[in-house]
Amino acid sequence: MSERTRDLPRRSCLSVPGSSEKMLGKAPGLGADMVFLDLEDSVAPLEKEAARQNVVKAINGNDWGDTVLCVRVNAWDTKWTYRDVIEVVEGASERLDELMLPKVQSAAEVVALDLLLSQIEETTDRQGRVGIEAQIETTRGLIDVEEICAASDRLETIIFGPADFAASMEMPVLTGGVQIPEYPGDHFHYVFSKILMAGRANGLQVIDGPYLKIRDLDGLRDYANRTKILGYDGKWALHPDQVKVMNEVYSPTQEQYDHAWDILEAYEHATGTERRGAVMFGDEMIDEASRKMATKFVRRGGRAGLSRSPKDA
Ligand code: GLV
Ligand code: MG
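See the structure below:
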């Protein structure tokens, strides 16, 4: 049902191993905007095949509310991908919103998934189209990210995978997705920006990947702020405690939300009633670009459930 989810919030994207029936059972109640049931790296090779039916059972049997519901299949360079897709999409109800494709190396990999999905949907008379989330986590994938983001109209998000990416780059680190204190700056700044631009140029949501130090919530908050400030929509959570932090970090504050509404109101008055393109608003000049920036805050705040504070009388 990709039309349902294209614009839903994905501040927190919770990873749930498809081999753990216990975790699959708990996942719906944890407050994540998006949940993905994993068949890839959190599932051991010997459990891969059994995990497919666990995931189908969890999709069909649990009440997922409004959560964006996704399954991460294995990458095309394994032997599991095609059966993951067929067993999951044929077995899952329409409640399955999307599939996540990891380690995407080229646009052709997205096209291959799109074609396979089209055949399954036609054969099974599926009403909604299954969306695609693509992970960029190899050097080849990053080089081709612009073509990848434009490869299919099923794409809803592009995601950075810092752990696999560090391995693909042969960076001398042993923990993925955390700050490296010895590096004078942000070692992923270029990567974050490149993925963000490619995603936005194609109308996609853009998501940051995992932070592997699960107990370090302050470090997580600090690190997540980087991609939040650049403009990312959300970040993965590997644990319920991380969900709460992500929902907070990737939502505008009430003050920002109210300020954005004030800008929109002042700008509308200026362009409409006063017929002026640029006016002073407090001690700053606002114009059409300010309207665009404010609109993003208002949209994100609305998605996060904020409403405008009443004006003082
Ligand atoms: C996520 O899949 C990562 O590799 O960081
Ligand atoms: Mg990965």
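Just remember that my numbering sits 186 ahead of the position in the sequence shown, which is counted from 1.
Just so you know, even glycine gets a beta-carbon here, dropped at the ideal spot from N, CA and C.
In terms of CA proximity to T264, L225 leads the group N240, D249, L301, L225. Under the criterion of beta carbons closer than 8 Å, R340 and I318 qualify as touching, at roughly 4 Å. The Cβ atoms of Y418 and D394 lie closer than 7 Å to each other. Take S495, set aside five residues on each side of it, and the residues of its chain with a beta-carbon closer than 7 Å to its own are Q440, D444, in chain order.
By the Cβ neighbour-count rule, Q391 is buried, with 16 or more other Cβ atoms within 10 Å of its own. The Cβ-Cβ distance between N240 and G204 falls below 7 Å. For the ligand GLV, a non-hydrogen atom lies closer than 6 Å to the CB of E323. Put simply, the backbone Cα of G362 is about 24 Å away from that of T267. Under the three-state reduction of DSSP output, G420 falls in the strand class. With fewer than 16 other Cβ atoms from the protein chains shown falling within 10 Å of its own Cβ, G247 counts as exposed. With a 10 Å radius around the Cβ and a threshold of 16 neighbouring Cβ atoms, N411 comes out exposed.
At a threshold of 6 Å, A320 does not count as near the ligand GLV, since its beta carbon sits no closer than that to any of the ligand's heavy atoms. Within its own chain, the residues whose Cβ lies closer than 7 Å to the Cβ of S476, once the five positions on either side in sequence are excluded, are I449, Y453, listed in chain order. Between the alpha carbons of K478 and L416 lies a gap of roughly 16 Å. In this structure, the straight-line span from the alpha carbon of A353 to that of G347 is close to 10 Å. Taking the Cα of F222 as reference, the smallest distance to any Cα among L492, E451, L424 is reached at L424. Under the DSSP definition of a beta bridge, T343 partners with E319, Q391. Per DSSP, the beta-bridge partners of M466 are M471. Going by C-alpha positions, R485 is about 15 Å away from N433. Rounded to the nearest whole angstrom, the C-alpha separation of Q321 and W447 is 34 Å. Pairing C256 with E284 gives a Cβ-Cβ distance under 7 Å.
Selection P231, R258, A230, S228 evaluated against V242 yields R258 as nearest (Cα-Cα).
For D224, the enclosing beta strand (DSSP E) has its first and last residue at 220-224. Remark: the shortest separation between the CB of A349 and any heavy atom of the ligand GLV falls under 6 Å.
In this chain, the alpha helix (DSSP H) harbouring M209 covers 207-212. Sequence-distant partners of L303 (beyond 5 residues in either direction) whose C-beta falls short of 6 Å from its own C-beta, in its chain, are V316.
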